[in-house]
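Here is the structure we will look at, set down as structure tokens.
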């Protein structure tokens, strides 16, 4: 069976989201500063998000449901962009200290935007995709 570039990228995304979801469950203290800006009960939110990321990561590996999983992951990443902006406006102590938190906030916003764009490309969610494959036969 031959896999295209989009399939390989989708598999890499799936394995990456499974790994990040497992990190949310196994090492939740790395992510609690992100949720401290909006909630006091961060541990439950981190665990639920970890399970959702694992389920979506496995779903990205399955061809039948990969588009639905990609849409859910895109919505989650779109939600985390304003959360990163809230973290930039309020001081929330991160794991690296006060001097690195603004840099991490800007990197997080850029990374989520790039991840969304590549996920749209990998799962072929672009609305213009059907127009790009149409070939016009015009014999002039």
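Numbering (the numbering used here), first residue to last: 14 to 153. Ideal Cβ positions, reconstructed from N, Cα and C, are used throughout, including at glycine.
Worksheet item: Taking DSSP as the reference, what is the three-state secondary structure of residue 77?
Response: Of the three classes helix, strand and coil, the one that applies to residue 77 here is coil, per DSSP.
Discussion item. I'd like to know if the stretch 123 to 137 and the stretch 76 to 88 are in contact, where contact means that at least 3 CB-CB pairs between them fall below 8 Å.
Written reply: These segments touch.
Fill in: C-alpha gap between residue 103 and residue 55, whole angstroms
Rounded to the nearest angstrom, the two C-alpha atoms are 17 Å apart.
Worksheet item: Looking only at its own chain, which residues have a Cβ that is under 6 Å from the Cβ of residue 59, when we skip the five neighbours before and after it?
Response: Here residue 59 has 37, 41 and 44 as same chain residues with Cβ atoms under 6 Å from its own Cβ, once five neighbours each way along the sequence are excluded.
Item to complete: Tell whether a beta-carbon distance below 9 Å holds between residue 71 and residue 27.
Response: The answer is yes: Cβ separation under 9 Å.
Discussion item. Here's the rule: buried if 16 or more other CB atoms are within 10 angstroms of the residue's CB, otherwise exposed. What is residue 16?
Written reply: Residue 16 counts as exposed, since fewer than 16 other beta carbons sit within 10 angstroms of its beta carbon.
Worksheet entry | Option in 92, 120, 132 and 116 with minimal Cα separation from residue 51 | For the options 92, 120, 132 and 116, the alpha carbon positioned closest to that of residue 51 is the one of 92.
Fill in: Cβ-Cβ separation, residue 97 to residue 12 (assumed contact under 8 Å), whole Å
Nothing can be reported for residue 12, as the shown portion of the chain is limited to 14 through 153.
Item to complete: Return the CA-CA distance between residue 77 and residue 140, expressed in angstroms with no decimal places.
Response: Each residue's Cα considered, the two are about 19 Å apart.
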